[in-house]
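Numbering (full-length UniProt numbering), first residue to last: 1 to 104.
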């Protein structure tokens, strides 16, 4: 059964991702979306649960949704969210052939 995080946790993570990591959101969507990567112009993280993250993105003026499963498998603890988002970012960089920045 999919774990659902408290709304306060979800809000805090989304605020952080959409406030501090807008370029990372776009990079993740461009790496994992099935459409042509260059046409994707905007991406925001809109949710997550124990199975993966969700991003909404704009391509040619139309909004679409992308769900990316956590690379390490299902999670149930708040600290694991950061680890899994970082893992998705690293995979996105690898898929797109760009250098990942160091993680603090």
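The beta-carbon is built from N, C-alpha and C at its ideal position, and this holds for glycine as well.
This structure is a prediction, so every number in the text was calculated from the model and none was measured.
Can you give the beta carbon distance from residue 28 to residue 92, rounded, assuming they're within the 8 Å contact cut? Mapped onto the chain shown, residue 28 falls at position 28. Mapped onto the chain shown, residue 92 falls at position 92. Confirmed, Cβ separation roughly 5 Å.
Quick one: what does DSSP say residue 118 is sitting in, helix, strand or coil? Given that the chain is displayed from residue 1 to residue 104, the structure contains no residue 118 and the question cannot be resolved.
Could you give the distance in angstroms between the alpha-carbon of residue 73 and the alpha-carbon of residue 14? Residue numbering aside, residue 73 sits at position 73 when the chain shown is read from its first letter. Residue numbering aside, residue 14 sits at position 14 when the chain shown is read from its first letter. Rounded to the nearest angstrom, the two C-alpha atoms are 20 Å apart.
From the DSSP output, which residues share a beta bridge with residue 58? By 1-based counting over the chain shown, the position of residue 58 is 58. Bridge partners of residue 58: 42, 63.
Can you look up residue 68 in the DSSP assignment and give me helix, strand or coil? Locating residue 68 in the chain shown gives position 68, where the first residue counts as 1. DSSP places residue 68 in the strand class (E or B) of the three-state scheme.
Where residue 44 and residue 2 are concerned, what is the direct C-alpha to C-alpha distance, given to the nearest angstrom? Taking the first residue of the chain shown as position 1, residue 44 is located at position 44. Taking the first residue of the chain shown as position 1, residue 2 is located at position 2. One alpha carbon belongs to residue 44, the other to residue 2, and they sit about 22 Å apart.
For residue 104, tell me which candidate among 58, 86, 47, 64 has the shortest Cα-Cα distance. The count along the chain shown starts at 1 and reaches residue 104 at position 104. Per the Cα distances, 86.
Applying the 10 Å Cβ sphere with the 16-neighbour rule, what's the burial state of residue 26? Position 26 of the chain shown, counted from the start, is the residue given in the question as residue 26. With 16 or more other Cβ atoms within 10 Å, it is buried.
Does any residue of chain D bring its CB to less than 7 Å from the CB of residue 57? Note that chain D does not occur in the displayed structure, where there is just one protein chain.
Cα-Cα separation, residue 80 to residue 5: Taking the first residue of the chain shown as 1, we reach residue 80 at position 80. Taking the first residue of the chain shown as 1, we reach residue 5 at position 5. So the alpha carbons of these two residues sit roughly 11 Å apart.
Buried or exposed (CB count within 10 angstroms, at least 16 for buried), residue 42: Position 42 of the chain shown, counted from the first residue, corresponds to residue 42. Taking every protein chain shown into account, the CB of residue 42 has fewer than 16 other CB atoms within 10 angstroms, so this residue is exposed.
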